[in-house]
Amino acid sequence: MSEMTEKTMPLWEVFIRSRTGLSHRHCGSLHAPDAEMALQAARDVYTRRGEGLSIWVVPSSAITASDPQDKDALFEPTASKIYRHPTFYEVPEEVGHM
Amino acid sequence: METPLFTYTLRLADNALVLGHRLSEWCGHGPMLEEDLALANMALDLIGQARNLYSHAGAIEGQGRSEDDLAYLRDCPDWRNILLVERPRGDFAFTILRQFLYAAFMHPYFERLSASKDETLAAIAAKSVKEMAYHLRHAGEWVIRLGDGTEESAARLKEALEDLWPFTGEMFEVDGVERALIDAGIAVDPAAIRPVWDATIDHVFGEALLARPRDGWMQTGGRRGEHSEHLGHLLADLQFMQRTYPGATW
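In order, the protein sequence lines correspond to chains C and E. Start counting the first sequence at 1; every next residue gets the next number (the working numbering). Start counting the second sequence at 99; every next residue gets the next number (the working numbering).
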């Protein structure tokens with residue numbers, strides 16, 4: 001998109017809470033002139049098959065993302081800490097599905 | 099001989115199908131992907147309403163005509179839609195403004211029709227009122243943004259309004275066919291819709307910085323089968339398959 005269009009039709013990130021899910025999940029993005037129109041566009045683009053019960057739209061520019069180049073510094077240190085995974089406990093049968 | 103209830107139901111159905119077809123002409127041509135889908139969604143709402151209404155009309159008539167027979171095998175003089183909906187699709191401002199003018203009328207109309215003594219009409223109206231609420235909201239928000247947008251969008255919207263306004267009067271017409279049905283509690287009296295429609299128009303036009311035209315001479319005739327040349331071209335497109343391959347199914 002041209003710069004002019006990017007200014008008048010900024011990008012929005014869309015989050016939908018589905019019928020089955022508990023939390024809103026990111027499902028895609030779209031262009032819209034403002035929040036109200038972004039909400040309507042999200043309804044038209046992402047809930048056409050009854051996917052959702054609630055919609056959030058967030059200006060993409062409001063999102064601060066981690067730098068892929070920091071991947072090692074951010075995520076590598078956890079790889080050696082397997083004791084953080086709760087795999088060493090035996091779950092009593094009465095507890096059922098956790 | 100058409101009964102009043104058949105004609106009345108056909109008028110509602112024809113409005114929905116013709117406008118739905120006009121919206122469907124945007125499919126693949128929308129100004130942006132998001133709006134392309136929005137227009138197609140609204141088209142499908144209207145075509146769905148038309149299908150229900152045609153089925154009901156066919157049952158009222160009792161001659162065995164199906165929804166497809168009514169949609170595909172009638173020629174221009176037998177169509178009962180208002181002239182507003184058959185105007186060519188125009189540009190985006192024209193399409194959106196027409197959708198707004200129509201939805202601002204049909205939303206409160208269906209609200210009242212959902213209390214009709216005809217149970218099928220009431221049920222169709224109760225389903226359709228939610229769809230028209232969204233059309234009204236979507237088209238209304240666009241009217242505001244186009245009117246209060248750029249110089250070009252405001253100019254195009256103003257031009258569309260000058261074209262469309264003379265076609266709004268037909269929505270409020272009542273003839274003998276409808277008077278009896280209104281008195282019987284089956285049809286809705288459009289006079290009751292007028293104040294709601296006026297308030298919606300004034301509110302949105304105010305936000306859109308759009309001057310409401312004076313009510314002058316209004317176009318009329320569609321509901322009696324007197325149509326513009328545009329309906330013929332629309333039907334040529336809509337009915338082509340059934341006219342060329344009668345009885346074809348897929």
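All C-beta atoms in this analysis are idealised placements derived from N, C-alpha and C, irrespective of residue type, glycine included.
Find the residues of chain C that neighbour residue i, judging by a C-beta separation of less than 8 Å, and give them in chain order.
{"i": "residue 308/E", "result": "Within chain C, no residue comes near residue 308/E; the closest Cβ sits about 18 Å away, beyond 8 Å."}
{"i": "residue 254/E", "result": "By Cβ distance, chain C contributes nothing, its closest Cβ being about 16 Å from residue 254/E, past 8 Å."}
{"i": "residue 120/E", "result": "Neighbours of residue 120/E on chain C: none; closest Cβ ~18 Å, over 8 Å."}
{"i": "residue 187/E", "result": "What residue 187/E touches in chain C: nothing, since even the nearest Cβ is about 18 Å away."}
Does the separation of the CB atoms of residue i and residue j fall below 8 Å?
{"i": "residue 255/E", "j": "residue 195/E", "result": "yes"}
{"i": "residue 260/E", "j": "residue 320/E", "result": "no"}
{"i": "residue 138/E", "j": "residue 197/E", "result": "no"}
{"i": "residue 120/E", "j": "residue 187/E", "result": "yes"}
{"i": "residue 234/E", "j": "residue 201/E", "result": "yes"}
{"i": "residue 270/E", "j": "residue 288/E", "result": "yes"}
{"i": "residue 35/C", "j": "residue 9/C", "result": "no"}
{"i": "residue 169/E", "j": "residue 104/E", "result": "no"}
{"i": "residue 251/E", "j": "residue 191/E", "result": "yes"}
{"i": "residue 346/E", "j": "residue 337/E", "result": "no"}
{"i": "residue 118/E", "j": "residue 141/E", "result": "yes"}
{"i": "residue 329/E", "j": "residue 262/E", "result": "no"}
{"i": "residue 221/E", "j": "residue 213/E", "result": "no"}
{"i": "residue 272/E", "j": "residue 102/E", "result": "no"}
Just the chain E side, please: which residues come within less than 9 Å of residue i by C-beta, in chain order?
{"i": "residue 74/C", "result": "Under the 9 Å cutoff, chain E gives no residues; its nearest Cβ is about 34 Å from residue 74/C."}
Which residues in chain C sit within 7 Å of residue i, going by Cβ to Cβ distance?
{"i": "residue 236/E", "result": "40"}
{"i": "residue 277/E", "result": "Under the 7 Å cutoff, chain C gives no residues; its nearest Cβ is about 39 Å from residue 277/E."}
Quick one: which chain E residues come within Cβ less than 7 Å of residue i?
{"i": "residue 32/C", "result": "132"}
{"i": "residue 14/C", "result": "In chain order: nothing, as chain E lies at least about 11 Å away."}
{"i": "residue 36/C", "result": "239"}
{"i": "residue 45/C", "result": "132, 135"}
Check the C-beta distance from residue i over to residue j and give it rounded, since I have them as a contact under 8 Å.
{"i": "residue 51/C", "j": "residue 16/C", "result": "6 Å"}
{"i": "residue 114/E", "j": "residue 44/C", "result": "So it is not a contact: roughly 19 Å between Cβ atoms."}
{"i": "residue 239/E", "j": "residue 69/C", "result": "That belief does not hold up - the Cβ atoms of residue 239/E and residue 69/C are roughly 41 Å apart, past 8 Å."}
{"i": "residue 206/E", "j": "residue 284/E", "result": "That belief does not hold up - the Cβ atoms of residue 206/E and residue 284/E are roughly 17 Å apart, past 8 Å."}
{"i": "residue 297/E", "j": "residue 241/E", "result": "The Cβ separation is near 15 Å, so there is no contact."}
{"i": "residue 264/E", "j": "residue 315/E", "result": "7 Å"}
Closer than 8 Å by beta-carbon distance: list the chain E residues that pair up with residue i, in chain order.
{"i": "residue 48/C", "result": "135, 139"}
Inter-stretch contact (C-beta, 8 Å, three-pair minimum) for the stretch 226-237 of chain E and the stretch 277-287 of chain E: no
Could you tell me whether the stretch 106-120 of chain E touches the stretch 167-181 of chain E, where touching means 3 or more Cβ pairs closer than 8 Å? yes
Report the residue ranges of all beta strand (DSSP E) runs contained in full by the stretch 2-88 of chain C; include only those spanning at least 3 residues, in chain order. 11-18, 25-31, 52-59
Taking 8 Å as the threshold, find out whether the stretch 120-131 of chain E comes into contact with the stretch 86-94 of chain C through three or more Cβ pairs. no
Taking contact to mean 3 or more Cβ pairs, one atom from each stretch, closer than 8 Å, check whether the stretch 57-74 of chain C and the stretch 10-29 of chain C are in contact. yes
Runs of alpha helix (DSSP H) wholly within the stretch 217-300 of chain E (minimum 4 residues, chain order): 217-245, 249-262, 274-281
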